[in-house]
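Chains as they are written, first to last, in this note's numbering: chain A, 1 to 408; chain B, 1001 to 1251.
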Amino acid sequence: MASVAAKKVQFLETGLSSGFWLLLGGLGLLVLFGLGAHYQMEHHGHWISGMNNQIVWGTPHVFAIFLIVAASGALNVASISSVFDKKVYKPLAPLSGLLAIALLLGGLSVLVLDLGRPERLTVAMTHYNFKSIFAWNMILYNGFLAIVAVYLWTMMERKMNGYSKPVGFAAFIWRLMLTTGTGSIFGFLVARQAYDAALLAPMFVVMSFSFGLAVFMLVLMAAFRWTGRPLGDVMVKRLKNLLGVFVAGVLYFVLVYHLTNLYATEHHGVEAFVLRDGGVYTQIFWFGQILLGSLLPLALLYHPATGSKRGAIVAAALLVILGGFAQLYVLLIGGQAYPLVLFPGYEVSSGFSEGVVNSYSPSLPEVVLGISGIAIAGIMVTIAVKVLRFLPVSLADEVVDPHYAPKA
Amino acid sequence: MSEQKQPDQSRRDFLTKGATAAAGLSIAPGVLLFGAVNARPADQAVTDQVRWGMLVDTNKCANGCDACVTACKKENGWGEQSGDESHSNELQKSQWIRKVELRHKQTGFAHSLPMMCQHCEHPPCADVCPTGASFKRADGIVLVDKHICIGCRFCMMACPYKARSFVHEELTHQRPNAPRGKGTVEACTMCVGRVDAGLRPACVESCPSQAILFGDLKDPNSEISKTVAKYASTAIRPDLGLNPGVRYQGI
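This is the structure in structure tokens:
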């Protein structure tokens, strides 16, 4: 049943247990709720959501963009093994590719199900405006799915193993383009104070490193724990150190973004809004994104007392994900809540929310739809590891540590 | 008897006046049409020989007056003129045109102006639209093709003027000249149907102080071209370089 994919690491499908069915059932229920929420929004129209003509992208987009960004980041582990030739990561590469595909499809599902006219998906596929960064992204998403699928094939089919490196390299380049595209959805919006920054594209790339790895680590640890497979400290320590570097990287970009804005007087308004006067957005920024989502996980990952404890590492990964949602909430919704500046130097008012902070509160259908995107990704991973050999039988220290290699 | 031989003057008058009125009624629209704006024959494609534009004189635009907004609602069937958007809250209801009241922070100078789709030469909404549903006609009018709009709202994120609205619910009572649809984005069409018929947009017609001038910016002899050549006018957010078709005086 088992095959030898790496030099000595064996891969095996997960077994049929009550836990498998329980997990599948739970995730399936969440997907059903999500479809129900989608049906409600499509049947009645978006008035049942918290979105309006000022906050046009709401909670579903926070979930969708998190999943899309995390998808490209989840592929990093495979890239490190193929592109940067770190053999220790090789046993993780198939799961990394699988997770990348699953997260992307989960995110895209949410994005599509929130469209005003989702039944016109075929229109979106047949009518391309090549100047639109959104249209580019559709090509980037589909290309990513195709390249990663081929990448998985080269990794999992022994005859194809030789092609794994060049295909892995292509996948790595493509994933950088994909996240650049995702960041540019906002970076290319010239009129909004919070966006319109070239920095957003590389910032999204680093965010993807961080969010994607955090999700990967949680899935890896959960899968190994629930299937009773050994996962040694050597692997976990490498991953958690890498996560720490990525979290610090995101923090650096956030710092540069805000410092640049603070230097330019024209951006003082939006900076004051996010950093000081924005109410819920300010709180989510300082407590969610910075304290809980960045500083606390850094402390947990690097402090000698917690850095080697599994519980603390799991908590840190969860906090990074929480911080990611907080960051996207502040950027997406906070960025829209801050009013457009049409008449600099003037106080403005109109019957259409002129010059006031736009209000938004997430509605239940939006949250349920967003969560269903995570569940869709979860179902795909759960089934895929059951039917195909994505997971190594063991990642115990003696298996993964190159210095441990016994003489053959 | 002699009275009976007299022709019935009142009946003759009636017939004469009636014939004149009938002739007038049948000829007048054509004459008026000919006189107003050159109507484009329906079988001819829109050309870039014209660029429709508006010039708003904010000095004439009265604070508190919203005749243009009311006329737009009536013409295009939105707002209270639609009776459809009963579920949507105030932030969700469509707004094709709005009156903005301005007060300068330093000088205290207050005035007001109408704000709608600015019909940019380089519209960011059309740039970002993934399907090309948002587009600019050759004559400069920016529109949404409701048949291929997927309702992604990226155009609303990109529009610097907050000019677009998303239809949040089912609509039933629509004007034939202004189709609207749940789940799609809409905005001021510069009353494209009226313009094609040689008429002026409803907001222009309705303004009691004639604060909005409509015409062909490419025709050097049009009133709007002569006025923008003679008096200072500006676009809103000219720094973006979008060259809107709607320009303003007095801001």
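For every residue, glycine included, the Cβ atom is placed at its ideal position computed from N, Cα and C.
Item: Inter-residue Cα distance where the pair is Met156 (chain A) and Pro94 (chain A); Value: 7 Å
Item: Cβ shell of Val9 (chain A) (< 7 Å), same chain only, five flanking positions each side left out; Value: Pro91, Pro392, Val399
Item: Arg53 (chain A), buried or exposed, once every other Cβ within 10 Å from all chains shown has been counted against 16; Value: Arg is not the amino acid found at residue 53 (chain A); the sequence shown has Asn there. With 16 or more Cβ atoms within 10 Å of its Cβ, Asn53 (chain A) is classed as buried.
Item: Residue environment, Ala1232 (chain B), which counts as buried when at least 16 other CB atoms sit within 10 Å; Value: exposed
Item: Rounded C-alpha distance that separates Leu388 (chain A) from Leu12 (chain A); Value: 7 Å
Item: Supposed close pair Gly181 (chain A), Asn137 (chain A) - CB separation, criterion 8 Å; Value: 5 Å
Item: Segment limits, alpha helix (DSSP H) that includes Ser349 (chain A); Value: Taken as a continuous stretch (DSSP letters only), Ser349 (chain A) belongs to no alpha helix (DSSP H), being part of the beta strand (DSSP E) at 346-350.
Item: Chain B contact for Phe11 (chain A) (CB, 8 Å cutoff); Value: no
Item: Proximity winner among A:Tyr39, A:Gln40, A:Asn129, relative to Cys1125 (chain B) (alpha-carbon distances); Value: A:Asn129
Item: Leu145 (chain A) versus Lys131 (chain A) - alpha carbon distance; Value: 22 Å
Item: Nearest-angstrom Cβ-Cβ length linking Leu140 (chain A) and Leu178 (chain A), presumed shorter than 8 Å; Value: 5 Å
Item: Where Phe188 (chain A) sits in the DSSP three-state scheme; Value: coil
Item: Residues of the stretch 34-52 of chain A whose Cβ lies closer than 7 Å to any Cβ of chain B, in chain order; Value: His44, Gly45, His46, Trp47, Asn52
Item: The stretch 78-85 of chain A contacting the stretch 351-369 of chain A, beta-carbon criterion three pairs below 8 Å; Value: no
Item: Where Gly1132 (chain B) meets chain A, residues with beta-carbon distance less than 7 Å; Value: His127, Asn129
Item: Residues, ordered as in the chain, of the stretch 1177-1207 of chain B that lie near chain D by beta-carbon distance below 7 Å; Value: Among the chains of the structure shown, chain D does not appear; the protein chains present are A and B.
Item: Sub-8 Å separation of Gly1077 (chain B) and Arg1175 (chain B) beta-carbons; Value: yes
Item: Contact residues within the stretch 1151-1178 of chain B, judged by C-beta distance below 8 Å to chain A; Value: Gly1151, Cys1152, Arg1153, Phe1154, Met1156, Met1157, Ala1158, Cys1159, Pro1160, Tyr1161, Lys1162, Arg1164, Ser1165, Phe1166, Val1167, His1168, Glu1169, Glu1170
Item: Nonlocal neighbours in the same chain, by C-beta distance under 6 Å from Ser372 (chain A), ignoring five residues either side; Value: Leu30, Val31, Gly34
Item: Same chain only: Cβ atoms within 8 Å of Phe134 (chain A), ignoring 5 sequence neighbours per side; Value: Ile185
Item: Alpha carbon of Ser1165 (chain B) to alpha carbon of Ile1236 (chain B), nearest angstrom; Value: 19 Å
Item: Reference Gly1151 (chain B), options A:Ala396, A:Lys165, A:Pro118, closest by Cα; Value: A:Pro118
Item: Unbroken alpha helix (DSSP H) run spanning Lys1074 (chain B), endpoints; Value: 1067-1076
Item: With 16 other Cβ atoms within 10 Å as the buried cut-off, status of Leu209 (chain A); Value: According to the sequence as given, residue 209 (chain A) is Phe; it is not Leu. Phe209 (chain A) should be labelled buried.
Item: Three or more C-beta pairs below 8 Å linking the stretch 1051-1067 of chain B and the stretch 1208-1218 of chain B; Value: yes
Item: At least three beta-carbon pairs within less than 8 Å, the stretch 95-112 of chain A to the stretch 1127-1140 of chain B; Value: no
Item: Chain-ordered neighbours of Leu342 (chain A) on chain B, where CB pairs are closer than 9 Å; Value: Val1100, Met1115, Pro1160, Tyr1161, Lys1162, Ile1236, Arg1237
Item: Proximity test, Cβ basis, 8 Å: Val56 (chain A) and chain B; Value: yes
Item: Interface residues of chain B facing Tyr346 (chain A) [CB-CB closer than 8 Å]; Value: Leu1102, Arg1103, His1104, Lys1105
Item: is_contact[Pro1124 (chain B), chain A] using C-beta, thresh 8 Å; Value: yes
Item: Contacting residues, own chain, Cβ-Cβ under 8 Å from Phe169 (chain A) (five flanking each side not counted); Value: Ser82, Val83
Item: Pair within 8 Å by beta-carbon distance, Cys1120 (chain B) and Leu1242 (chain B); Value: yes
Item: Per-residue contacts from Leu1055 (chain B) into chain A (C-beta, under 9 Å); Value: Under the 9 Å cutoff, chain A gives no residues; its nearest Cβ is about 18 Å from Leu1055 (chain B).
Item: Per-residue burial, Gln1249 (chain B) [other beta carbons within 10 Å of its own, 16 or more giving buried]; Value: buried
Item: Spatial distance of Leu98 (chain A) from Ala384 (chain A) (CA atoms); Value: 8 Å
Item: Cβ shell of Leu27 (chain A) (< 7 Å), same chain only, five flanking positions each side left out; Value: Ala375, Gly378, Ile379, Thr382
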